[in-house]
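*Asks:* Residue numbers (the UniProt record's numbering), protein chains in the order written: chain A, 1 to 594; chain B, 1 to 594.
(1) Could you give the first and the last residue of the continuous beta strand (DSSP E) run that contains residue 383(A)?
(2) Indicate whether at least one CB of chain B lies closer than 8 Å to the CB of residue 231(A).
(3) Does DSSP put residue 270(A) in a helix, a strand or coil?
(4) In angstroms with no decimal places, state the Cα-to-Cα distance between residue 123(A) and residue 514(A).
(5) If we ignore side chains and look at the alpha-carbon of each, how far apart do residue 356(B) and residue 436(B) end up?
(6) With distances taken Cα to Cα, identify the nearest neighbour of residue 400(B) among 439(B), 493(B) and 370(B).
(7) Just by C-beta distance, which residues in the stretch 232-250 of chain B are closer than 7 Å to chain A?
(8) Looking at residue 447(A): is its Cβ nearer than 8 Å to the Cβ of residue 421(A)?
(9) In three-state terms, what does DSSP make of residue 621(A)?
(10) I'd like to know whether the C-beta of residue 56(A) is nearer than 8 Å to at least one C-beta of chain B.
(11) So residue 141(A) contacts chain B; which residues on that side make the cut at Cβ distance below 8 Å?
(12) When we look at the beta-carbon of residue 594(A) and count the other beta-carbons within 10 Å, is it buried (16 or more) or exposed?
(13) Applying a beta-carbon distance threshold of less than 8 Å, which residues of chain B neighbour residue 110(A)?
(14) Report all residues from its chain with a CB closer than 8 Å to the CB of residue 460(B); omit the five preceding and five following residues, and keep chain order.
(15) Going straight from the alpha carbon of residue 155(B) to that of residue 196(B), what length do you get?
(16) Expressed to the nearest angstrom, what Euclidean distance is found between the alpha-carbon atoms of residue 384(B) and residue 453(B)?
(17) Would you list the one or two residues that DSSP bridges to residue 75(B)?
(18) By a C-beta neighbour count over all protein chains shown, 10 Å radius and 16 as the cutoff for buried, is residue 575(B) buried or exposed?
(19) Leaving out five residues on either side along the sequence, give the residues of the same chain with a beta carbon under 6 Å from the beta carbon of residue 403(B).
(20) Expressed to the nearest angstrom, what Euclidean distance is found between the alpha-carbon atoms of residue 474(A) and residue 284(A)?
(21) For residue 428(A), report the span of its alpha helix (DSSP H) as first-last.
(22) Rounding to the nearest angstrom, what Cα-Cα distance links residue 188(A) and residue 238(A) in this structure?
(23) Let me know if residue 638(A) comes out buried or exposed under the rule of 16 or more other beta-carbons within 10 Å of its beta-carbon.
(24) May I ask you to report which of helix, strand or coil DSSP gives residue 504(A)?
(25) What do you reckon, are the CB atoms on residue 600(A) and residue 295(A) nearer than 8 Å?
(26) Check distances from the C-beta atoms of the stretch 347-364 of chain A to those of chain B and list, in chain order, the residues that come in under 8 Å.
(27) What three-state label does DSSP hand residue 289(B) in the structure shown?
(28) Using a Cβ distance threshold of 8 Å, determine whether the stretch 67-83 of chain B contacts the stretch 202-212 of chain B, with at least three qualifying pairs required.
(29) At least one CB of chain A closer than 8 Å to the CB of residue 435(B): is that the case?
(30) Decide if residue 533(B) is buried, meaning its Cβ has at least 16 other Cβ atoms within 10 Å, or exposed.
(31) Quick one: is residue 512(B) near chain A, going by C-beta distance under 8 Å?
(32) Since residue 397(A) meets chain B, which of its residues come closer than 9 Å, beta carbon to beta carbon?
(33) Taking only beta-carbon atoms, is residue 61(B) less than 8 Å away from chain A?
(34) For residue 305(A), which residues of its own chain have a beta-carbon under 8 Å away from its beta-carbon, when the five flanking residues on both sides are left out?
(35) How far does the beta strand (DSSP E) with residue 417(B) in it reach, from first residue to last?
(36) Using 8 Å for Cβ pairs, my map puts residue 347(A) next to residue 379(A). What's the rounded Cβ distance?
Below, the structure is given as structure tokens:
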């Protein structure tokens, strides 16, 4: 029997079968759709000419791109901006060939920690460094300043003590160091303790940081070995994220340990002062003019006073922060650089793993602090921490609704800025935080990595102007995506969801400022170097360039970070004016160099 | 100066500022949206109660899920099916805990080649093996049968010769083996040639396969070392994809070499006969009842006759294929299993790297062959090969429009089934193949990995019933995604784009049948095991289960593969009836085992 015996004779043109089709296959509620759409290829009854086809294609592409976040910015581009686009695209293409495709082990958007040194040497990166980046809207206090800087600060204070859960030796991975500033009275008890590097070390007993460093044995590298241990404890390395901790659970365990290590250092009054100062200065050096810092206020997260004898009150912590911000502003003004910095504010950040009752307590704390520091503090309320094991928002729904009502009664404006969608989940309890963030009226959402899976929610976020604080390098290092070129960001951008690029935990991810994030996301769209091809993408409509994201797109992302900041109207207008001024200078710089 | 000096006094409620807002920030065409959407939290002027909030939440989730591909199937589920869902969800949760989260090095949806052995031992996988899977719509001839099976076939034919570009030794990676069946006259010239494993080997000179195997030196593992070399040449290993060839360019080079190695073996008349037979039998064993094979017909892709003296004509290749299909059907009938197999057909597959003129020639060949084999052959036309370096569809637009017109003139129905969107590109020339596939009236699209980035196109694909042949394991091993849990498939499913799961190149990816694909995609949605939590997802509306994808979803995916096959109406109706019958038996089996 041949195939012809099995398959009925060739069937007549499809149209005749259409009625039969809908009868035959309407089984179980799903209808087989096989009618094709040849009508697309027709003008009346005639097939399209190639030119008509190209026109139709250009229209379709333009229709889809109209959804994008940068459409208007590109449409309204000045002649000078268009020239800058050309120059930068040319540079980008050149370095794609000379840097990324010249080495078979490299490609655009490749894993960040393998790419970082190469990126830093490109002219494109040096250009992005100069770009005014607007606001940093998502970053956690303890993980912003460079790890080596934090270590340097720590070594200035002999009151800092360290302990470990086991002794250090070369035959096992080093334990996480726990730091704590002790009062003189406390410190006196530990002056003769065995060091963590000694076989006699009593687990979890304190030793002064300088004693431990000076006594670090030479077989473990001596004092420099100590520094390496601390810095490794404060950061995630390529080996950590790409090899050793390659599941979500494992990398979050490592990540949590970096916070445990940083915590006892950052939350010490004299260090905190210098740390916040450096935090602001380092962002400003990267072209960031405004920062919203996520800060935790739970009772176990106190800041210890200079003499090590007590916890600062939350009000004292806020006063300290405010004074540092004012100090940085004053210094910049003296240098004639006051336009480089429009301010910094604090988002009240709880953790999502706490109990319902504890959350109610923190929500009340937040209201009280907001009344005391109406402009600096609690410009938003958030819950941080890994979403999977933590409670979803719906768990706290009643408390959050009550908070909203109470804030309204007191006339306090504390928008929600929830972590949501920092997960690979699809439609489960974790991913569903994105529904609650929306329904609870969040003004922004942290991460929103899984928002790309939600067609209706993306539309709602767009229509309601809910910005997503996307943290590409953070998401990569915490194993949500292999690298920048497989991140979901382009989906959000193509759907017109407002996005503010953020660094999340720059210290942990070895990712100072926002320049690396801007560089990496730019390479998410891969453009292969096609040779000797004469067609172009959308011949009748292409305005600027054949690729979808250009330097104006990056500018629009930067601008959006200010638009979606919590600055009040006057301050925001001023910040945007300053940003536009710096942007113009940046464009001038590009055109002059081209 | 304190922060209060810088920040203006606390601003009045937002509504008053709304007019001012739109004036202030309408700069450069983009408007700062910071109005929030507190109205969501209100019923008239009162804030929602928790219950009202939960109802609104359930409505929102239901509204979004209505877009999904499986909504109707789940809504119309029988009581028996709902019971099966419960049983399978219970099994899935149990094995998530006992298999995937019990070992810190494992997680659901983890890299396939690291997960494969573990998957194969689960009860859930054994269940999926039994599931009727409908059609396999995307698989390339040379890469379907297991590599060790192909090697076994090759060793049966002493006429097969092998050559390499350099000699083999333990100090360098082994070169790719090139195979060719030689005629007796040709073979006679090479009987005394040095072997590729000899230092005297003359690069690219032929040696009989059995001589090379028998003479494989013991330091390279002897004959078993030969087998290992050939199988490694025909497959991509975990080491290859996750470590050694970790860029798109490198992994495609390796991938292309597997085809080069397979080519000379598969395209030999007596092997091809047995190979196609095994291809069908192995799919049938995995519950696949219908296959559409992509087959290349270019002049350089001939099939060599049994005596090694000539190329078969394309008609002869088709006759051979038809006879094998008929033979398998006859055997199954004898065994009383004729319902397990509804047929196989061939998609004409060109490669996209050829010249415009060569493409015109192949399009004409395709029309001619279709006239000769109207039901078996050319049930679709495609262009295979890596999209990045190959030509985009727009390059061939004129030829494709002419082909469409000519097919219509001759009354031939040859739908386009283009590879498109098998890329990480975003809006560039490569990714734009998705626009052209749509505008050229494609009935299906191969891969569509980047379709997730196209909100408008996803809607068009859905409305026009254009199915995407998604190949999750292929995409992972070719470095479009780290692993199943970061694949874009959930985005297509949540947008209601029709999807048919496919294996692409099961031999290369060590992925027989479709069971592993079904298993892995099922774990794309991660469900963490949340303990002691009392909330549920959508309390007032949840029908079946709290997670978004269940066994009925998998069934719907299987069913869709038949709905979107190229079977004509009568054959399709029959195939769907048979599938529903097997599905019912499958559900019965689950319920009986529960």
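The C-beta atom is built at its ideal place from N, Cα and C for all residues, glycine as well.
*Replies:* Let me spell this out:
(1) 381-384
(2) no
(3) helix
(4) 16 Å
(5) 16 Å
(6) 439(B)
(7) 247, 248, 249 and 250
(8) yes
(9) The structure shown has nothing for residue 621(A), since chain A only spans 1 to 594.
(10) yes
(11) Within chain B, no residue comes near residue 141(A); the closest Cβ sits about 16 Å away, beyond 8 Å.
(12) exposed
(13) 247
(14) 438 and 466
(15) 17 Å
(16) 22 Å
(17) Paired residue(s): none; residue 75(B) is not in a bridge.
(18) buried
(19) 363
(20) 20 Å
(21) Element bounds for residue 428(A): n/a, residue is neither H nor E.
(22) 40 Å
(23) Given a span of 1 to 594 for chain A in the structure shown, any question on residue 638(A) remains unanswerable.
(24) strand
(25) Since the displayed chain A opens at 1 and closes at 594, residue 600(A) lies outside it and no answer follows.
(26) none
(27) strand
(28) no
(29) yes
(30) Residue placement at residue 533(B) cannot be trusted, given a pLDDT of 35 that sits under 50; what the coordinates show is reported in the next sentence. Flag for residue 533(B) reads exposed.
(31) no
(32) 50, 53, 54, 57 and 535
(33) yes
(34) 269, 311 and 312
(35) 417-420
(36) 6 Å
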